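J.: One structure, pasted below without further comment.
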Amino acid sequence: MTEPATWVDAYGDRLFRYALSRVRDGGSAEDLIQDTFVTALKSRDRFKGDSSELTWMTGILRNKIFEYYRRQAKETPLRPLDEESGSEQDFFDGRHWSVAAAPRDWGGEPAKSAESAEFAAALRRCLDALTEKVAGAFILREMEGVAADEVAGALGVPPGHLAVLLYRARMRLRSCLEKNHFAPEGA
Amino acid sequence: MSLLPSCRDVSKMLSEALDSGRPLGLHARIHLSICAVCRRVLAQFSLIRHGASRAPETGPALSDGAKSRIKALLK
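Protein chains in written order, with my numbering: chain C, 23 to 209; chain V, 8 to 82.
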């Protein structure tokens, strides 16, 4: 294993960008990086060399991110679902999509576009517009790949409530990414 | 009154199916076969999942102040 004194220069920026794409503010991302390096220092005897140091530290960081959302959920009282990023009412007119909110064709090569740095930046802006709990549900489930029951446990919500949070996240993100990345008006 | 679920219902079912990995029910599949807008939503939900898990990490580097502070802790 390399000398801990070299870790910040070697891995700091990449770990910070990973954290920043998953939490809302730079200060929290910095705290997570600091905790990650301190944990790595304390547990370096457990590093077996089966993966790269960066992969090992990213694993530590992912645990820190999970704990971050668990702490946030404990500090934030559970709100009625209607207060979590609004309801789906905005998108429908009776049984069908409203004309204004009906999903548009994203054209071009959306799969390629969804792997771009521009998509990542737009996703971050769109996540910022969600409530903490709705964004947390999406980040843990879709970006971190945490099992649904673990996400529900961390956020302190029943599984059915998590499904609603994820639905709201997908609906809001779909609309936001359409306007800001895939099919901006006037493009 | 239609026996088929509404677009609103189907959009919820699509999200739940994506999350659970379970297949959509028959009525939802029939709805999709005749509703191009809901088919588009299914594709877009899947695309967002794909992009969210693969998009490159972007943004600024760790600040010099934070680097100095963390380096001091690692000495």
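Ideal Cβ placement from N, Cα and C applies to all residues, glycine included.
The structure presented is a predicted model; accordingly, all values stated were derived computationally and were not measured.
In angstroms with no decimal places, state the Cα-to-Cα distance between R44/C and K155/C.
T.: Your numbering for residue 44/C matches position 22 in the first sequence. Your numbering for residue 155/C matches position 133 in the first sequence. Just so you know, the alpha carbons of R44/C and K155/C end up roughly 13 Å apart.
J.: When DSSP labels each residue in this structure, what does W119/C get in the three-state scheme?
T.: For the purposes of this step, residue 119/C is taken as the residue at position 97 of the first sequence. W119/C falls in the strand class under three-state DSSP.
J.: List, in chain order, every chain V residue whose beta-carbon is nearer than 9 Å to that of V60/C.
T.: For the purposes of this step, residue 60/C is taken as residue 38 along the first sequence, with counting starting at 1. Going along chain V in sequence order, the residues near V60/C (Cβ under 9 Å) are I77, L80 and L81.
J.: Based on the DSSP secondary-structure assignment, which residues constitute the bridge partners of F52/V?
T.: Counting from 1 along the second sequence, the entry for residue 52/V is found at position 45. None, per the DSSP bridge assignment.
J.: In three-state terms, what does DSSP make of F69/C?
T.: If you number the first sequence from 1, residue 69/C lands on position 47. F69/C: coil per DSSP, three-state reduction.
J.: Please decide whether D171/C counts as near chain V, where near means a Cβ-Cβ distance under 8 Å.
T.: Here residue 171/C is taken as the residue at index 149 of the first sequence, counted from 1. D171/C does not count as touching chain V.
J.: Give me the residue from I37/V, L10/V and C45/V with the minimum Cα distance to K19/V.
T.: Within the second sequence, numbered from 1, the residue matching residue 19/V stands at position 12. With distances taken between Cα atoms, K19/V lies closest to C45/V.
J.: If the criterion is Cβ atoms closer than 8 Å, does the pair R84/C and I55/V meet it?
T.: Taking the first sequence and counting its residues from 1, the one referred to as residue 84/C is at position 62. Taking the second sequence and counting its residues from 1, the one referred to as residue 55/V is at position 48. No. Outside cutoff.
J.: From K74/V to I55/C, what does the alpha carbon distance come to, in whole angstroms?
T.: The residue labelled residue 74/V in the question sits at position 67 within the second sequence. The residue labelled residue 55/C in the question sits at position 33 within the first sequence. Each residue's alpha carbon lies about 10 Å from the other.
J.: Taking just the CA atoms, how far does C42/V sit from F52/V?
T.: Taking the first residue of the second sequence as 1, we reach residue 52/V at position 45. Taking the first residue of the second sequence as 1, we reach residue 42/V at position 35. F52/V and C42/V: Cα-Cα distance of roughly 16 Å.
J.: Just tell me which of T28/C, G49/C, H203/C and Q111/C has its CA closest to the CA of R147/C.
T.: In the first sequence, residue 147/C corresponds to position 125, counting from 1. The shortest Cα separation from R147/C among T28/C, G49/C, H203/C and Q111/C belongs to H203/C.
J.: Note down, in chain order, every chain C residue with its Cβ under 7 Å from the Cβ of L39/V.
T.: Taking the first residue of the second sequence as position 1, residue 39/V is located at position 32. L39/V does not reach chain C, its nearest Cβ partner there being about 13 Å away, counting only Cβ pairs nearer than 7 Å.
J.: Please confirm whether V173/C and R163/C have their CB atoms less than 8 Å apart.
T.: Numbered from its first residue, the first sequence carries residue 173/C at position 151. Numbered from its first residue, the first sequence carries residue 163/C at position 141. In this structure, V173/C sits near R163/C, with a CB-CB distance shorter than 8 Å.
J.: With three or more beta-carbon pairs closer than 8 Å as the criterion, would you say the stretch 24-40 of chain C touches the stretch 56-65 of chain V?
T.: A contact exists between the stretch 24-40 of chain C and the stretch 56-65 of chain V.
J.: Mind listing the chain V neighbours of P132/C? Cutoff is C-beta to C-beta under 9 Å, in chain order.
T.: Residue 132/C sits at position 110 when you count from the first residue of the first sequence. Ordered by position in chain V, the residues that pass the 9 Å Cβ test against P132/C are A50, Q51, L54 and G58.
J.: Quick test of the definition: if touching needs 3 or more C-beta pairs under 8 Å, does the stretch 183-191 of chain C touch the stretch 18-32 of chain V?
T.: yes
J.: Per DSSP, which one or two residues make a beta bridge with F114/C?
T.: Position 92 of the first sequence, counted from the first residue, corresponds to residue 114/C. Looking at the DSSP assignment, F114/C forms a beta bridge with W119/C.
J.: Can you tell me whether D16/V is helix, strand or coil according to DSSP?
T.: Here residue 16/V is taken as the residue at index 9 of the second sequence, counted from 1. Correct three-state label for D16/V: helix.
J.: Would you check if the distance between the CB atom of L81/V and the CB atom of A27/C is smaller than 8 Å?
T.: To locate residue 81/V, count along the second sequence from 1; it is residue 74. To locate residue 27/C, count along the first sequence from 1; it is residue 5. Cβ distance < 8 Å, so L81/V and A27/C count as in contact.
J.: Among S135/C, A176/C, D171/C and Q111/C, which one has its Cα closest to the Cα of A95/C?
T.: For the purposes of this step, residue 95/C is identified with residue 73 of the first sequence, where counting begins at 1. Checking every option, the nearest Cα to that of A95/C belongs to A176/C.
J.: Indicate the three-state DSSP secondary structure (helix, strand or coil) for T98/C in the structure shown.
T.: Reading the first sequence from its first residue, position 76 is the one you call residue 98/C. The three-state secondary structure of T98/C, taken from DSSP, is coil.
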